[in-house]
Amino acid sequence: MTNYPQSWQEKTIKEVTKKTAQNKPADDEKLIYVDIGSIDRKSKKIVSPQYLLGADAPSRARKRIHTDDVLVSLTRPNLNAVAIVPEEYHGQYASTGFDVLKPDTVVPRFLYYLVRTQDFIDNISGKTQGALYPAAKSTDVQSYSFFMPSESEQQCIADRLDSIFEKLEMAQSRLDKVPQLLKRFRMSVLSAAISGELTEEWRDSNNADDWEHVSLKQVGKGFNYGSSAKSKKEGSVPVLRMGNLQDGRLDWSDLVFTSDEKEIEKYKLEPGDVLFNRTNSPELVGKTSIYRGEREAIFAGYLIKVQGTERLSTEYLNIQLNSPHARDYCWQVKTDGVSQSNINAQKLKAYEFNLPSIEEQEEIVRVVSELLAKSDLVKKQYEAAKFRVDKLTQSILARAFRGELFEPFSDKAERVAQSQSSVAIEDQPTAREETTSEQVDISPVQSQPTPRKVDDKSELLTQLKSAPKVMTAQQLFDSSSVETFKAIDELFVELKRLLELNLIEKVGEGENCQFKAIK
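Note that the sequence shown ends on residue 904 in our numbering; no numbers are left out.
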């Protein structure tokens, strides 16, 4: 059971808020209407309200809202569509799908952060009714109980959370840019590959032949359509569909299967076969991947199988058909239907491009593979960083509403960190999987004196002494029993302390930075 500060009092939301008024707007009244779709669930802000006349307002536009009211969506509460009403929407209307909380004896921003906690979300979500549109009742929200500190403490907690979440939003904003940057990098690599830019020096040093302008029909073969038979959820051999083609490679999740021996024999794939998606949405038609023999498989009818020849490497063809040049061609020749576009085998055969020698194709494949492998590594580091930032949100909120936001990270006065929140969050935006030595140096206690006493009870030191090999800061954090905001910050503090006491040493630099105990 959680131990809250003794001065905090248990309350329900109903006890600290007032009821909101409701009325139907006049037909000629100009109003701003906030429905559930108006709230950005990520930023927890009202971003897209509707500007209407009363005569055009929906029947749910009844609840009056004012500055600092807290809106809580009753529909699908697990999605946590909540927001605090800014001054610009004072006196306007909200949907009856909200429970409008009007703060009375509670600080508005404290209440706003309270309804963002995982405990609140889980509590309200567990009381929903209805399968198609699961919804909670206002009484479910009103009866939620929590421990409330004094007004001054509430203000301090809200101010600190404002500061922390401002930095966290900056971190998330920077991380959100990474996928698009990776996509642009990938397109740049592929574009440089098929233009000859990537292998310009290689051609000079190898006296390579000039590139030949060809059509795919001249240098490729096959151009076969896949199976039109109905697949099943279970079977002996997977049937690759258009959803399995992702970024030039095959995604082996969400598979369907067949056990039909005739289908398997007829449509069986061989390593090196290139699969072209002939029917899809206008944006996705023409996406291509290569089969490398990962497991036995056949291919579905929305795909075209293309094979290479002695003049055309299928690995190079995969690069060529995923390039911006090929994407532009697909956009030009596709035939649009009601909701999907199509590119048949004849149009695929007619695709024209410049073809290097088979030796240069192999060099292009090698260089592209190396560059895209680095891109894949950054993507994994981005996903790990995003996961940690996402986890921080609830860790920080949980700590705040347990009364631990301002507590020191240990019972040692030397390790009290006044800047604990901001620095840990600032370390999150980079798409790195491992904490660097520079991050350790910028610890949350850099303004505090570092204790010089050797502590044989250091859990981190014990862990490093018993480790069979060096460990990164990320590995140390992942192996900790509690992955919270507190644990993240304490890890940085302890690493710095042990380094300065020469009890551990740093091995490597940058992303390769690791730590080990000095024997």
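Virtual Cβ for every residue (Gly too), placed ideally from N, Cα, C.
Please name the residue, chosen from the options, that lies closest to residue i on a Cα-to-Cα basis.
i: Ala440; options: Val752, Ala411, Ser458, Ser423; result: Ala411
i: Phe661; options: Val855, Tyr701, Ser392, Tyr610; result: Tyr610
i: Val604; options: Leu702, Arg571, Asn465, Ile509; result: Leu702
i: Glu472; options: Pro493, Gly511, Ala556, Ser638; result: Pro493
i: Tyr478; options: Val659, Asp775, Arg447, Lys430; result: Arg447
i: Phe684; options: Glu582, Leu706, Glu650; result: Glu650
i: His339; options: Leu553, Asp525, Ser573; result: Absent from the structure is residue 339, since the part of the chain shown begins at 386 and ends at 904.
i: Gln631; options: Tyr736, Tyr676, Phe772; result: Tyr676
i: Ser674; options: Asn629, Ile781, Arg696; result: Asn629
i: Lys618; options: Thr490, Thr402, Val641, Ser600; result: Val641
i: Leu560; options: Ala902, Phe495, Leu886, Tyr767; result: Tyr767
i: Lys765; options: Thr513, Ser843, Ser428, Leu567; result: Leu567
i: Lys606; options: Ser428, Ala735, Ser851, Lys672; result: Ala735
i: Ala614; options: Tyr652, Arg680, Arg773, Trp596; result: Tyr652
i: Asn388; options: Ile743, Tyr498, Trp587, Arg784; result: Arg784
i: Val774; options: His598, Glu586, Gln557, Gly633; result: Gln557
i: Ser423; options: Leu888, Asn465, Arg571; result: Asn465
i: Asp413; options: Phe483, Asn591, Leu437; result: Leu437
i: Arg571; options: Ser708, Phe550, Val599, Gln899; result: Ser708
i: Gly482; options: Arg712, Leu790, Leu456; result: Leu456
Under the rule that 16 or more other beta-carbon atoms within 10 Å means buried, what is residue i, buried or exposed?
i: Ser726; result: buried
i: Gln503; result: exposed
i: Gln805; result: Unreliable positioning characterises Gln805 in this predicted model, as indicated by a pLDDT of 34, which lies under 50. The coordinate reading is nonetheless provided below. Buried is the call here.
i: Val485; result: buried
i: Ala745; result: Inspection of the sequence shows that residue 745 is occupied by Glu rather than by Ala. Glu745 should be labelled buried.
i: Thr354; result: Given a span of 386 to 904 for the chain in the structure shown, any question on residue 354 remains unanswerable.
i: Ser392; result: exposed
i: Lys487; result: buried
i: Asp547; result: exposed
i: Glu748; result: buried
i: Ala682; result: buried
i: Leu762; result: exposed
i: Ser832; result: In this prediction, Ser832 scores a pLDDT of 34, lower than 50, which makes its location untrustworthy; the coordinate-derived value is nonetheless stated afterwards. Exposed, because fewer than 16 other Cβ atoms sit within 10 Å of the Cβ of Ser832.
i: Gln565; result: exposed
i: Lys429; result: buried
i: Gln824; result: Low confidence applies to Gln824: its pLDDT is 36, below 50, so where it sits in the model is not reliable, and the reading given next is rough at best. With 16 or more other Cβ atoms within 10 Å, it is buried.
i: Thr490; result: exposed
i: Tyr518; result: exposed
i: Gln731; result: exposed
i: Thr643; result: buried
i: Pro656; result: exposed
i: Phe531; result: buried
On the three-state DSSP scale, how would you describe residue i?
i: Arg570; result: Before going on, a small fix: residue 570 reads as Phe here, not Arg. Correct three-state label for Phe570: helix.
i: Thr524; result: helix
i: Gln539; result: helix
i: Lys562; result: coil
i: Glu395; result: strand
i: Leu630; result: strand
i: Asn408; result: coil
i: Ile728; result: coil
i: Glu582; result: coil
i: Val500; result: coil
i: Asn703; result: helix
i: His475; result: coil
i: Asp589; result: helix
i: Arg677; result: coil
i: Gly511; result: coil
i: His451; result: coil
i: Ile424; result: strand
i: Asn388; result: coil
i: Ile903; result: coil
i: Glu695; result: coil
i: Asn887; result: coil
i: Ala440; result: helix
i: Glu912; result: For residue 912 there is no data in the structure shown, the boundaries of the chain being 386 and 904.
I think residue i touches residue j, with their Cβ atoms under 8 Å apart; what is that distance to the nearest whole Å?
i: Ser458; j: Ile421; result: 5 Å
i: Glu648; j: Ser621; result: Not confirmed; about 11 Å, so no contact.
i: Leu951; j: Leu688; result: With the chain running from 386 to 904 in the structure shown, residue 951 is simply not present.
i: Phe608; j: Val691; result: 6 Å
i: Pro534; j: Gly788; result: 7 Å
i: Pro434; j: Val419; result: 5 Å
i: Leu782; j: Leu553; result: Contact flag wrong, Cβ pair sits at about 11 Å.
i: Ala593; j: Val753; result: Going by Cβ atoms, the distance from Ala593 to Val753 rounds to 17 Å, so no, they are not a contact pair.
i: Val526; j: Ile506; result: Incorrect: roughly 11 Å between the Cβ atoms, too far for contact.
i: Pro462; j: Thr524; result: Wrong, their Cβ atoms sit about 13 Å apart, outside the cutoff.
i: Ser851; j: Glu879; result: Not really, about 16 Å apart at Cβ, beyond 8 Å.
i: Glu695; j: Val750; result: Between Val750 and Glu695 the Cβ distance is about 16 Å, and since that is not below 8 Å, they are no contact.
Could you tell me whether the region 705-720 touches the region 663-682, using the rule of 3 or more Cβ pairs below 8 Å? yes
Check whether the region 403-423 touches the region 535-545, counting contact only when three or more Cβ pairs, one atom from each stretch, lie closer than 8 Å. no
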